[in-house]
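All remarks here apply to the structure that follows.
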Ligand SMILES: [Fe+2]
Ligand SMILES: [Fe+2]
């Protein structure tokens with residue numbers, strides 16, 4: 311099952327969560343050639359991203375355990391992210407490569423630097439930052455699918471584009487279960503502006519990574 315935005319949320323609201331509308335700047339032009347230049351490194355990093363996404367979903371699940379929809383949504387998401395991990399892991403193995411120990415992702419580290427104190431505010435921030443990470447991944451999967459030649463790598467990215475779009479919307483909808491829609495909307499634009507500054511500060515990608 312593909313997790314989607316919680317059922318209690320009106321479908322008409324989902325267009326506002328189009329992942330391409332969440333992002334306030336495009337990926338720098340230099341990212342794609344670096345990513346395509348070392349597909350082993352890119353896929354190894356990608357496997358780590360899926361593993362971290364599953365772990366993050368489980369951590370978030372534990373921060374609002376009284377809300378059944380919140381828990382069910384993140385439980386399903388964690389399982390889906392691990393299915394993605396398995397797809398990427400199989401591809402890494404098929405290329406004769408192996409995984410490496412997880413490393414700090416500078417993009418995620420810098421994005422999380424503005425989390426507010428307080429249980430509710432902190433949880434809303436983490437959910438909105440997760441939405442931005444999913445939106446950025448969605449944008450980059452589209453770039454990879456368009457830039458790769460036909461083959462299993464391109465097939466993978468084409469397969470992963472729709473779920474990433476759904477995940478961005480899912481996290482915004484979860485934030486709206488924790489705080490008011492008006493507050494979430496204001497904070498979402500602040501977090502998106504911060505995400506754009508993080509992307510700009512990272513500059514040209516020095517190595518092949520999903521988030522640069
Ligand atoms: Fe995923
Ligand atoms: Fe995802």
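Residue numbers (the working numbering): 311 to 522. C-beta: ideal position from N, C-alpha, C; glycine also. The model shown is predicted, which means the values in this text are computed figures rather than measured ones.
Straight-line Cα distance separating residue j from residue i
i	j	result
residue 474	residue 363	11 Å
residue 511	residue 388	30 Å
residue 428	residue 509	26 Å
residue 345	residue 370	30 Å
residue 515	residue 449	16 Å
residue 330	residue 374	28 Å
residue 407	residue 350	7 Å
residue 451	residue 421	19 Å
residue 465	residue 398	11 Å
residue 410	residue 492	42 Å
Unbroken alpha helix (DSSP H) run spanning residue i, endpoints
i	result
residue 520	That residue, residue 520, is in no alpha helix (DSSP H); it is neither H nor E in DSSP.
residue 466	462 to 488
residue 502	491 to 512
Neighbour-count burial assignment, residue i, 16 or more Cβ in a 10 Å radius
i	result
residue 490	exposed
residue 358	buried
residue 519	buried
residue 413	exposed
| Cβ pair count under 8 Å reaching 3, the segment 377 to 385 against the segment 399 to 418 | no
| Can you list the beta strand (DSSP E) stretches of 3 or more residues lying completely in the segment 405 to 443, in chain order? | none
| said: Would the segment 455 to 464 count as touching the segment 496 to 507 if we require 3 or more Cβ pairs under 8 Å? | reply: no
| task | Kindly provide the ranges of any alpha helix (DSSP H) runs that are 4 or more residues long and lie completely inside the segment 316 to 378, ordered along the chain. | result | 329 to 332, 341 to 347 and 349 to 371
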